[in-house]
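Worksheet for the structure shown next.
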Amino acid sequence: MDKTFDPQNIEQARYQAWEEQHCFRPSGKGESYCILLPPPNVTGSLHMGHAFQHTIMDALTRYHRMKGDNTLWQCGTDHAGIATQMVVERQLNAQGKTRHDLGREKFVEKIWEWKEHSGGTITSQMRRMGTSCDWDREAFTMDEDLSNAVQEVFVQLHEEGLIYRGKRLVNWDPVLHTAVSDLEVLNEEEAGHMWHMRYPLADGSGELVVATTRPETMLGDTAVAVHPDDERYQALIGKEIKLPLTGRLIKIIADDYVDPEFGTGCVKITPAHDFNDYEIGKRHSLEMINIFTADAKINDNAPAAYQGMDRFVARQKVVQDLDSQGLLVKVEDHKLKVPRGDRTGAVIEPYLTNQWYVAVESLAKPAIEAVESGEIKFVPENWNKTYYQWMYNIQDWCISRQLWWGHRIPAWYDDNENVYVGRDEAEVRAKHSLSEDVKLRQDEDVLDTWFSSALWPFATLGWPQKTPELDTFLPTSVLVTGFDIIFFWVARMIMMTKKFTGKIPFKEIYITGLIRDEQGNKMSKSKGNVLDPIDLIDGIDLETLVEKRTAGMMQPQLAEKIAKRTKEQFPDGIAAYGTDALRFTFAAMASTSRDINFDMGRVEGYRNFCNKLWNASRFVLMNTEEQDTGKDGGELELSLADKWIWARFQQTLETFESAIKDYRFDLAAQAVYEFTWNQFCDWYLELSKPVLSAEASTDAQKRGTRHTLVNVLESLLRLMHPFMPFITEEIWQRVAPLSQGGVGGAHLMTQSFPVQDDSLVDEQVLADIEWVKQVIVGVRNIRGEMDISPSKPLSVLLRNAGDEDKRRLADTELLLSRLARLEEITVLAAGDKGPASASAIVGEMEVLIPMAGLIDKDAELARISKALEKLQGDMARTQGKLSNESFVSKAPEAVIDKEKAKLAEFQTQVDKLMEQKQTIESL
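Numbered per full-length UniProt numbering, the sequence shown spans residues 1 to 923.
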């Protein structure tokens, strides 16, 4: 093995070997286990959220593959209608062209060309993350077989009356000229205004004052609403108002929706341009007047003075005209949520158009029952409430989009606008006896991307064909996803899968948290706090950091922090942490809380963890290669330490498996880390040295320890593999041939997961080694506190030693002498207090180290006094800061907490030094 761990020399070659040898395919044996990859957009690149969720999915996949399950991780990408069309349109715009210059057919061909050449960015990045999905089964939502499934679902739902066409209010993007889903609308608070306007009664007897944040929409008002119990306006209900600037007469209506405590208690109702007003309009059979064109300009339904104006220009003119007519009461500053398209940034307009809808009420009922019955389980369970809240109030689903890229709606129109639905035009003509003389044109719209992705669990497994994969892998085992798409994707997959297969799509839904920055802020490019997982894996040089900072792509403080760490830790100036360190970080932070604050310090720590494992493995190999490890037989005599490490491994394995079952990846990672770093690397390797190096050790004893070193490490690598696939595979290839059975020419990822053996857990052995560790730690602590050289041999006295202590001493004296550097160990007789000594407590026994001749008492006291003086000065300065009202009132809470923590640490150090001082003074 190389002297140093370098992930860049390992990862890509290992992954290529796995993929070329088809290690990711289902085995065809064992119980089925299947995970669906939420299909990322084909236009996308890997972000921290992807990297986090993919780590969880890959860990589960590798774990179950090694457990012997018939494991499939079904992967693929989504055609991402809006995003992909925008990418290719921008390329055309750069050439001075639009999609209309090409026409629909040529434009779609252009998109397919782009997909073939540039659409694989995210899948190549997924490979860098170690994603072990079955690439042989990779799906794309526009593939022919998936498109056929989409078409079949549409036709069947239409035949049952569950898909219909109707004119309703939708989210409209005036730049894209298409309806968009709620998920594609960002509602963020912005500074705006509230305009208060007079609406005169038609009979001249008075007026009502209404307030609005969108005065231009008054041109489409068809009523003013008040609360039916509002005594101020009861006499006016049913009367008419002469709508300013238009001359139209509109009625005053009563509706429980109106809050009499808000504003004047009067609300203007514009059913064609507000979702709440639309519902009121339906309840009261109000006229719905659309005053906007598709690009949000005023249309012919408004007075001529405003026609053709952009909505925001019209807003200014409406306000001016109201003011000039004495109808503007006042204008107030007002904070409001503004809906903007996530792709264009344009203000989304509620817009009345003809669209295709799915009537979802009958589909929702079995989907609700599947969760209520426990057939489908949310993890954590509290997400049930979120699911029910939406499902019990579900609205019909708008599934059409005014785009060219996507699954074109299988509907045709004749010249009389009669609509016919079928799988193709030939079927439509045959089904409705339409001759070739009848001209048909296909619907121009495509289906919402969420419609095709709702079929993902069964369409990717071959539906509508009856395939072996459908029988084997549906329902899938678990869906790993975020809470933000429970409505848009999870619920719809449950509805569609139950409808068309009679099965649930997945047994469990593990909802992950969001990855935020260290301060808990949402990562966004505009904030400059985004970390690129590939940058963390492969490294980012200082020059690129400067470029990102200069371009505003990274906050200055974040760039400086990364630069500082890079200079400190990476001599070549590139901070490359490798995939395994990043993956283990994600696993270690994957608790069941909603949000995860990503700390780069954790990645650094787990890179050190990789180094620790690498160096420990080199030690094992140096002591076992070309040596007898017992794999071919021979007597094995296991030492107390050998038995102890096997027992601790069994306990770790039990904790790991229990945590994985409960989706507590953080607890599983913690168990692995604790065993590897503290038990195996720090203790067992040290405990093995006396046996390996002692001349008195027999061949059976040495063989037993070598056997244990190799086989515990090999088992540990199998345990760690789901979280850290690359480093474990690399080391395992060296270790496996030395281990029991001597595996060669295989891959770690295809080996079996360790099997727990409770017979190896001996509580007496565990207690004995813990006693040894306490004695050694006690001696080492005394050395450190008294500034005694680690290499200086010491004499130790044991006071109050019981029979069990004496037995343990007899069994482990060689270990204690070697590891604690002791030249003599003496058990004091009962009642013998011994000479003046520094001491450590082990149970009821005291470990004493006589200080005579070991330290210069005066010099040591002087050293302690000097250290105390410095600490007390530091404490005084910190206390001064915290007592300063100006500092406390102005400093951020995190800064104040940091100062408090410093003060507490100073006090701990002072207490420790005072204790040492008292000990030395007593000598």
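Glycine included, C-beta positions come from ideal geometry on N, C-alpha and C.
- With 16 or more other Cβ atoms inside 10 Å of its own Cβ, Thr-476 counts as buried.
- In this structure, Val-175 keeps its C-beta atom at 8 Å or more from the C-beta atom of Gly-326.
- In this chain, the alpha helix (DSSP H) harbouring Asp-666 covers 665-673.
- Boundaries of the alpha helix (DSSP H) around Ala-59: 48-66.
- When DSSP states are grouped into helix, strand and coil, Tyr-577 belongs to the coil group.
- Look at the beta carbons and you see the stretch 129-148 touching the stretch 55-72: at least three pairs across the two are nearer than 8 Å.
- Counting only runs of 4+ residues, the alpha helix (DSSP H) found wholly inside the stretch 446-498 occupies 449-453, 456-459 and 468-473, in chain order.
- In terms of Cβ geometry, Gly-238 and Ile-252 form a close pair [threshold 8 Å].
- Per DSSP, the continuous alpha helix (DSSP H) segment holding Met-391 begins and ends at 383-391.
- Contact check between the stretch 480-499 and the stretch 178-186: three or more CB pairs, one atom from each, fall below 8 Å, which counts as touching.
- In the three-state reduction of the DSSP assignment, Arg-423 falls in the coil class.
- If you check the CB distance, Pro-464 and Ala-149 come in under 8 Å.
- In this chain, the beta strand (DSSP E) harbouring Trp-356 covers 349-358.
- Take Arg-734, set aside five residues on each side of it, and the residues of its chain with a beta-carbon closer than 7 Å to its own are Met-1 and Leu-621, in chain order.
- Contact check for Met-724 against Asp-666 fails: the beta carbons are separated by 8 Å or more.
- Residues of the same chain with a CB within less than 6 Å of the CB of Arg-25, apart from the 5 flanking positions on each side, are Asp-134 in chain order.
- Around the CB of Gln-91, fewer than 16 other CB atoms lie within 10 Å, so the residue is classed as exposed.
- Contact check between the stretch 293-309 and the stretch 145-159: fewer than three CB pairs, one atom from each, fall below 8 Å, which does not count as touching.
- Contact check for Ala-459 against Ala-367 fails: the beta carbons are separated by 8 Å or more.
- Within the same chain, Cβ atoms closer than 7 Å to the Cβ of Asp-414 are found at Val-438, Lys-439 and Leu-440, the five residues on either side in sequence being excluded.
- Under DSSP, Leu-640 shares a beta bridge with no residue.
- Pairing His-284 with Asp-256 gives a Cβ-Cβ distance that is not under 8 Å.
- Judged by beta-carbon spacing, Arg-594 lies beyond the 8 Å limit of Leu-474, meaning their Cβ atoms are not closer than that value.
- In the structure shown, the three-state DSSP call for Lys-431 is helix.
- Three or more beta-carbon pairs drawn from the stretch 818-833 and the stretch 778-797 are found closer than 8 Å, and the two stretches are therefore classed as touching.
- Distance check between Gln-151 and each of Gly-406, Arg-565 and Glu-436 places Gly-406 closest, using alpha-carbon atoms only.
- At the C-beta level, Val-88 and Lys-110 come within 8 Å of one another.
- Runs of alpha helix (DSSP H) with 4 or more residues, each lying fully within the stretch 75-100, are found at 81-94, listed in chain order.
- Excluding five sequence positions before and after Thr-501, the CB atoms of its chain that fall closer than 6 Å to its own CB belong to Phe-458, given in chain order.
- Straight-line measurement puts the Cα of Gly-605 at about 41 Å from the Cα of Asn-800.
- If you draw a straight line from the Cα of Val-319 to the Cα of Leu-882, it comes to about 54 Å.
- By the Cβ rule, the stretch 201-218 does not count as touching the stretch 351-360, because fewer than three pairs are nearer than 8 Å.
- Asn-678 sits in a helix when the DSSP states are folded into three classes.
- Between Ala-669 and Phe-753, the gap from beta carbon to beta carbon reaches 8 Å or more.
- Your pair Asp-758 and Gln-679 does not check out as a contact, with CB atoms roughly 18 Å apart and the cut at 8 Å.
- Secondary structure of Arg-594 (DSSP, three-state): coil.
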